[in-house]
Amino acid sequence: MPLTNPTATVRELIREHYATLTQSERKFANSLLENYPAAGLASITIVAENAGVSTPTVARMVQKLGFKGYPHFHKSLLKELQAKVSGPTQRRDNWVSDAPESHLLNRFSQAVTQNLSQTFSNVDTESFDRATRQLANTDGRLYVVGGRITRALADYAFTHFQAIRQRVTHMTSSSATWPHYVLDMVEGDTLVIFDVRRYETNLQNLAKLAAERGVVIVLITDQWASPVASEADYIFNCWVEIPSAWDSNISTMMLLEALIAATQEEKWPETRDRYERLDQLFDHTRLFRKFS
């Protein structure tokens, strides 16, 4: 059985086919997901033993996912791992070696369009709605943080969420200051984390500290998923590869804007009142030019 979606990760294939798996196959799948992808990088005998299942069980499951056999499955996991840790130079080499003879603008447009399609087709709507309600819940404080590249997304998110609701904190990108924020975190608070490859160790540490305090974590990451996923309550995977040494934030931004719009609607008409009062303050400070 060929792969139904050659671009899908093994994690996504497991989720897609999970309902068709037997109890023992699900046991292996769960073991793999708990320590992904490391739990699947050994020989078939070792991974079966570690999961407490038989080798035929592993062989049957990988075939149900669409792989020709365990070597094909193993190779796919290794490719995902390599993609996770690749730097800008290697990323550019990867796409240049396979680049078609068309203008960069055309290839860029095609890649971005495909990223957007894959990102939104893989969003679980029920999880999206629950995350939206959590983001709109002002009983707890909302914290937003990003990393070296994604701090721009965190800043954008903060600007909008601060207008939509009360009690929003933009954590600085300096991890040395994070213990001060964690000190005030309590159960029921929400932490939005942006983390894409190459994943930042400090963000994973922050997620662990927040999770220990009962903070609900919303992770916005790439298709391979940041290690923060092991601590997150809501995970949104965004496809990011483009013909460049750098990954794209376009699908990530689109997903963020969808969350912002949904949170705004969840809080309406309270948000409308905030918008109107905010405009009055803008008028008072003459921040924006008015045309008569």
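Using the UniProt record's numbering, read the sequence shown as starting at 1 and increasing by one per residue. No residue lacks a Cβ here, since even glycine has one placed at the ideal position from N, Cα and C. Note that the coordinates shown come from a computational prediction; the quantities given were computed from them, not determined experimentally.
Asked                                                                                                                                                               : Found
For Leu191, I'd like the list of residues in its chain whose CB is within less than 6 Å of its CB, leaving aside the five on either flank, ordered along the chain. : Tyr143, Ala210, Val215, Ile217
Please report how far the alpha carbon of Ile250 lies from the alpha carbon of Pro71, in whole angstroms.                                                           : 34 Å
Work out the CA separation of Asn137 and Leu281 for me, nearest whole Å.                                                                                            : 25 Å
So, do the segment 37-47 and the segment 16-24 have three or more beta carbon pairs nearer to each other than 8 Å?                                                  : no
Grouping DSSP H, G and I as helix and E and B as strand, with all else coil, what is Leu65?                                                                         : coil
Since Glu237 sits in a beta bridge, which residues does DSSP pair it with?                                                                                          : The question names Glu, yet the displayed sequence has Asn at residue 237. Paired residue(s): Thr221.
Taking His17 as the reference, which of Ile46, Met171, Arg60 has the closest Cα?                                                                                    : Arg60
Does the distance from the CB of Ala163 to the CB of Tyr234 come in under 9 Å?                                                                                      : no
Within a Cβ cutoff of 8 Å, which residues of the same chain sit near Ala152, ignoring the five residues on either side of it in sequence?                           : Gly146, Asn249
For the alpha helix (DSSP H) containing Leu41, name the first residue and the last one.                                                                             : Counting along the chain, Leu41 falls outside any alpha helix (DSSP H), and DSSP gives it neither H nor E.
DSSP three-state call for Tyr18: helix, strand or coil?                                                                                                             : helix
Starting from Leu142, follow the beta strand (DSSP E) in both directions and report where the run begins and ends.                                                  : 142-145
Quick check on Val164: does DSSP put it in helix, strand or coil?                                                                                                   : According to the sequence shown, residue 164 is Ile rather than Val. In this structure, Ile164 counts as helix in the three-state DSSP scheme.
Counting along the chain, where does the beta strand (DSSP E) carrying Thr190 start and finish?                                                                     : 190-195
Can you tell me the Cα-Cα spacing of Asn205 and Thr150, whole angstroms?                                                                                            : 17 Å
Got a sec, what are the start and stop residues for the alpha helix (DSSP H) Lys208 sits in?                                                                        : 201-212
By alpha-carbon positions, which one of Pro227, Gln63, Ala51, Gly188 ends up nearest to Phe194?                                                                     : Pro227
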